[in-house]
Every structure is written in C-alpha cells, then in structure tokens.
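Trainee:
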Amino acid sequence: MLSKVVAKALNKQVTAENFSSHYYLAMASWCDTHALPGSAKFLYVHAEQERTHMMKLFHYINDTGGHALVESFKSPPEDFNSIEQIFKLVAQNEKAITGQINDLVNLCLEEKDHSTFNFLQWYVAEQHEEEKLFRDLLDLMKRTGTDGRGLYFIDKEIGGLANKVTVKG
Ligand SMILES: [Fe+2]
Ligand SMILES: [Fe+2]
C-alpha cells in the first residue's frame, strides 16, 4: 500500500514523464519541418519512450493502492533555434529527471517503502543510459560541427540511432 506522500510524489513523476513526452514531440515536429528527418525520427521514438515511462508509473500507482492522476502541465515550446539547441535542452531535461528520480528514491528510503524503492531501480538504470546517450550525442556534434556537411552527417547518425532504440516499458 502506498503512503499518501509516496503516491503524491509518484503522480508528480507521471506528470514529468508526460511533459518529457510532449516536449520531445514538439522538438520532433520542429525537426520534421526543418529538413532534419533523422532527428525527427529519433525524437518521435523518444517521445513514445517517455510515454511508456509514464504508463509504467501510472499502472504501478493503481496496482499498489494509489490513484494515478492525469494532471495538466505547461505546453512545451514550439520553436527552437537549431539541432544543437534541441539536444542541449534534451540533455538538460534528462538531467533534471535524474534528479527527480533520485529524490523519489530517497523519499522511499525515508518512508521505508521497499516495494517502490525496488520499482524505481528501473528508472535509475534508464536515466543512467539516457544521460550517457545524450552526452555522447553532444560530444559527436562538437566534433562534426552542425554546418553544411556536418549537419547532414549528424542528422543521419541520429536517425540511425532511432533504429536501434526500441520502446521499452
Ligand atoms: Fe523518462
Ligand atoms: Fe528520458
């Protein structure tokens, strides 16, 4: 049985994952309309992934005696400047999510909620992977640059990554 405080914190994370999904969807749409098909493909897949993260939490809350909520959140921006800016924003968002997951884990320890602590380990591992992925992408962008051929190369490379990613949940 979830304590009120853990249920509330998990619902907050549901909203954060839902926001991430919409955020990446808005980025995908910008790339799609700015001749960046590889990045668009990658971000569409990533937006779906974030939705699975949300649903996993959603079901856990209801399966554990809580009540999963669909709460509103601010709309993501629709305009971006560049592919570089987009992936910097993604990396920033993932870093913030890692912080929120860590706070949740700490809360479970305080509340002696071992079941939720165990459930959250999946998110701890996922955030580790995601932070590495986006750090590597930003490093690659620094090396190739994002002008002319560099932009073509990096967009193709990012599109290729989308094929390797499967939507997990
Ligand atoms: Fe996520
Ligand atoms: Fe993520």
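Residues 363 to 531 (our numbering) are what the sequence shown spells out, left to right.
Note that CB positions come from ideal geometry on N, CA and C, so glycine has one too.
None of these values were measured; they are calculated from a predicted model.
Identify whether SER401 lies in helix, strand or coil by the three-state DSSP scheme.
Mentor: Locating residue 401 in the sequence shown gives position 39, counting from the first residue. Helix, per DSSP.
Trainee: Distance check for SER444 and VAL452, CA to CA, integer angstroms please.
Mentor: Position 90 of the sequence shown, counted from the first residue, corresponds to residue 452. Position 82 of the sequence shown, counted from the first residue, corresponds to residue 444. Looking at the two C-alpha atoms, the distance is approximately 12 Å.
Trainee: Measuring from each Cβ to the nearest heavy atom of ligand 1, keep the ones under 6 Å and list them in chain order.
Mentor: Checking every Cβ against the heavy atoms of ligand 1 under 6 Å gives GLU379, SER382, GLU412, HIS415 and ILE459.
Trainee: Exposed or buried, which one is PHE420 when buried takes at least 16 other CB atoms within 10 Å?
Mentor: Along the sequence shown, read from residue 1 onward, the residue named residue 420 stands at position 58. Looking at its Cβ environment, which holds 16 or more other Cβ atoms inside 10 Å, PHE420 is buried.
Trainee: ALA371 and ILE423 look like a contact to me (Cβ under 8 Å); what is the Cβ gap, rounded to whole Å?
Mentor: Here residue 371 refers to the residue found at position 9 when the sequence shown is read from its first residue. Here residue 423 refers to the residue found at position 61 when the sequence shown is read from its first residue. With 8 Å as the limit, ALA371 and ILE423 do not qualify as a contact, their Cβ atoms being about 10 Å apart.
Trainee: Report the rounded CA-to-CA distance for CYS470 versus SER365, giving the unit in angstroms.
Mentor: As a first step, residue 470 must be located in the sequence shown, where it is residue number 108. As a first step, residue 365 must be located in the sequence shown, where it is residue number 3. The straight-line gap from Cα to Cα measures roughly 10 Å.
Trainee: If PHE404 sits next to ALA487, beta carbons under 8 Å apart, how far is it from one beta carbon to the other, in whole angstroms?
Mentor: The sequence position of residue 404 within the sequence shown is 42, counting from 1. The sequence position of residue 487 within the sequence shown is 125, counting from 1. 21 Å between Cβ atoms; not a contact.
Trainee: Let me know the secondary structure DSSP gives VAL527 once reduced to three states.
Mentor: Reading the sequence shown from its first residue, position 165 is the one you call residue 527. VAL527 falls in the coil class under three-state DSSP.
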